[in-house]
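All residue numbers for the sequence shown refer to the numbering used here, where the first residue is 4 and numbers rise by one. C-beta: ideal position from N, C-alpha, C; glycine also.
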Amino acid sequence: MTWFLTIGLLIIGIILLVSLIRWNVIRALRKSLTLSDYDIYDNKRVTAIAKRKTGDTFGFPLKCTVAIGQRDIHVIPLRFNPFLFMTDYPIAFSKATNKKLKIQRSEYTEIIFIGKQRKSSVFGSVVEITIQVYDQEEKKELVRKLKNWK
């Protein structure tokens, strides 16, 4: 019984350690960005699903900041989440690797697009991003900027 408890606590410790390391990378990226060069969309609910040949990864929604610049797009979580070890955040798309940033569909509250990340990771390089936007004017503006960004 104590072995199971010890192994369980060890696994939880490793999960939290990896999530904290990823969170420190996210905070460093947020500090290094010059936000005046980007159009910022704060507090958006974003789901990222990595597209792989073997199948899609599980994506769970996080509150994120979406920053759209002239050369790149960043999706940066706002808060720490213990499940960050299962995700690919922070996500960055650059124009050099995305000749075709495909907007899949734009429903009433969601914008879904597929892009190739700047740097490939364990989860792959092609990611489907779902951004939930509840203000219709802001949604139209975000879709227009994503279409013009290509």
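Just list the residues that DSSP pairs residue i with in beta bridges.
| i | result |
| --- | --- |
| residue 10 | Residue 10 pairs with nothing; no bridge assigned. |
| residue 116 | 106, 132 |
| residue 146 | Its beta-bridge partners do not exist; DSSP assigns none. |
Report yes if the CB atom of residue i is closer than 9 Å to the CB atom of residue j, and no otherwise.
| i | j | result |
| --- | --- | --- |
| residue 52 | residue 112 | no |
| residue 79 | residue 48 | no |
| residue 45 | residue 81 | yes |
Can you list, in chain order, the residues of its chain with a C-beta nearer than 6 Å to that of residue i? Leave out the 5 residues immediately preceding and following it.
| i | result |
| --- | --- |
| residue 22 | 85, 87, 88 |
| residue 98 | 74 |
| residue 64 | 48, 50 |
Give the range of the beta strand (DSSP E) segment to which residue i is assigned.
| i | result |
| --- | --- |
| residue 136 | Run containing residue 136: none; DSSP gives neither H nor E here. |
| residue 3 | It is not possible to answer for residue 3, since the shown part of the chain is limited to 4 through 153. |
| residue 65 | 65-71 |
| residue 97 | 94-97 |
| residue 80 | 75-80 |
Roughly how far, in whole angstroms, is the beta-carbon of residue i from the beta-carbon of residue j, given that I think they are within contact range, below 8 Å?
| i | j | result |
| --- | --- | --- |
| residue 120 | residue 130 | 6 Å |
| residue 29 | residue 93 | 5 Å |
| residue 148 | residue 71 | 5 Å |
| residue 142 | residue 114 | 7 Å |
| residue 83 | residue 26 | 5 Å |
| residue 77 | residue 38 | No, residue 77 and residue 38 are not in contact; Cβ-Cβ is about 10 Å, not under 8 Å. |
Can you name, in chain order, every residue of its own chain whose Cβ lies under 7 Å from the Cβ of residue i, other than the five neighbours on each side?
| i | result |
| --- | --- |
| residue 62 | 50, 51, 52 |
Can you list, in chain order, the residues of its chain with a C-beta nearer than 8 Å to that of residue i? Leave out the 5 residues immediately preceding and following it.
| i | result |
| --- | --- |
| residue 54 | 117, 127, 129, 130, 131 |
| residue 106 | 114, 115, 116, 146, 149, 150 |
Hey, is residue i's beta-carbon within less than 9 Å of any beta-carbon in chain B?
| i | result |
| --- | --- |
| residue 15 | Judged by its chain identifiers, the structure shown contains no chain B, having just a single protein chain. |
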